[in-house]
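According to our numbering, the sequence shown is numbered sequentially starting from 17. In what follows, a structure is listed as structure tokens, so that the remarks can point back to it.
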Amino acid sequence: MENITIQVDPEIAKAYREAEPEKQQKIQIFLNIMLQKAVSQKPLFRYHGAIYREKFVKTF
């Protein structure tokens, strides 16, 4: 993985910073999936199966 910086509303930044590490990890996984969809020509469901089952389901 690689770090990037994006701008968000102040309330979102505050809530993320104050969240427990486990919650932050869930948010990171969710955003990673959404960003993959946004930058790819492939539909989300091509990523959904492996990523979602491997990481997202285990953390929720």
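Where is the CB? At the ideal position from N, CA and C, for every residue including glycine.
Range covered by the alpha helix (DSSP H) that runs through residue i
i, result
"Val55", "Pro37 to Val55"
Reference residue i; option with closest CA among the options
i, options, result
"Ile20", "Ser56, Ile28, Leu47 and Glu36", "Leu47"
"Glu18", "Glu38, Leu51 and Ile28", "Leu51"
Reduced DSSP category for residue i - H, G, I as helix; E, B as strand; rest coil
i, result
"Ile22", "coil"
8 Å contact criterion, which residue i and residue j should meet: CB distance rounded
i, j, result
"Tyr32", "Ile22", "Actually they do not touch by this definition, with Cβ atoms about 11 Å apart."
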